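First the structure, in the form of structure tokens, and then the observations on it.
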Amino acid sequence: MRLDIVTIFPEYLEPLNVSLVGKARARGQLDVRIHDLREWTHDKHHTVDDTPYGGGPGMVMKPEPWGEALDEILASGDGRPVMVVPTPSGAPFTQQLAVELSEAPWLVFTPARYEGIDRRVIEEYGDRLDVREVSIGDYVLAGGEAPVLVMVEAIARLLPGVLGNAASHQDDSFAPGAMADLLEGPVYTKPPEWRGRTIPEVLLSGHHGKIARWRRDEAFRRTDRNRPDLIERADPAAFDKKDREI
Ligand code: ADE
């Protein structure tokens, strides 16, 4: 998968050299190209923003540098990328969207600072590309770079061969499948006793059916406590009689 990221803070994206994403890049599974938007400015001060039409606080990112940057990036590859525009006004970033984006061969991210990018840029590329305006949550950050780090990590771990054990994202919270509407329950490892605290007996039983039932009950309990909205929203058919007894 190829990822292009256009930003005025390339150094903000250095964490993409670390851990899972860094290793995927080193293995050639991810081709990440980070671009400094200011390279497509032509004035002495490398200006990327200006005051908003109609007045109001803050600054808006000028369309010209974005247009030149995106034209050059689009011309440098085959086919059409999906363009991901991080904005608190976007559609929610969900596991389902992460899965969908992980299936695209090429993504271009346009993290903005200030009050956002001149709307005409979104319209211009929306005519040619699949453009997704995406929010990572109901809060406002100072820019789209942190959301890009979040989205790239969520997407990269879904790519074939990136996670050591492919099964390990199958029972993630929010993953499609048997536990689709439930959060993941608690996990334990050795030692069997720590500070007087033991682990649930069933996990030592070797009885896979009982362990699966226990995991589902715990997942259900945790979801009910932390995210009751998920249970309310879920298809009742997704729950069996035993779930309802929790
Ligand atoms: N930019 C600023 N806040 C954001 C958010 N919550 N999601 C995506 N991009 C953003």
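Numbering-wise, full-length UniProt numbering puts 111 at position 111 of the sequence shown, and it's gapless, one number per residue. Backbone N, C-alpha and C fix where the C-beta goes; we use that ideal spot for every residue, glycine too. Values in this document were obtained by computation on a predicted structure and should not be read as measured data.
In this structure, Y139 has its CB closer than 7 Å to one or more heavy atoms of ligand 1.
Annotation for F220: no beta strand (DSSP E) segment contains it, though the alpha helix (DSSP H) segment containing it runs 208-226. In the DSSP annotation of this structure, the continuous segment of the alpha helix (DSSP H) that includes D71 starts and ends at 63-75.
For P88, the enclosing beta strand (DSSP E) starts and ends at 82-92.
Counting only runs of 3+ residues, the beta strand (DSSP E) found wholly inside the region 100-159 occupies 106-109, 130-135, in chain order. Of the other Cβ atoms in all chains shown, fewer than 16 fall within 10 Å of the Cβ of W194; this residue is therefore exposed. In the displayed model, L203 falls within a helix according to three-state DSSP. Cβ contact annotation for H169 (same chain, cutoff 8 Å, sequence separation greater than five): R157, L158, L163, A175, in chain order. For V6, the secondary structure class from DSSP, reduced to helix, strand or coil, is strand.
Between ligand 1 and the CB of G90, the shortest heavy atom gap is smaller than 7 Å. In this structure, the C-beta of I5 stays at least 7 Å away from each heavy atom of ligand 1. By the Cβ criterion, the region 38-45 is in contact with the region 63-79, since at least three pairs of Cβ atoms, one from each stretch, lie closer than 8 Å. Distances from the CB of G144 to the heavy atoms of ligand 1 include at least one below 7 Å. A heavy atom of ligand 1 is found nearer than 7 Å to the CB of P86.
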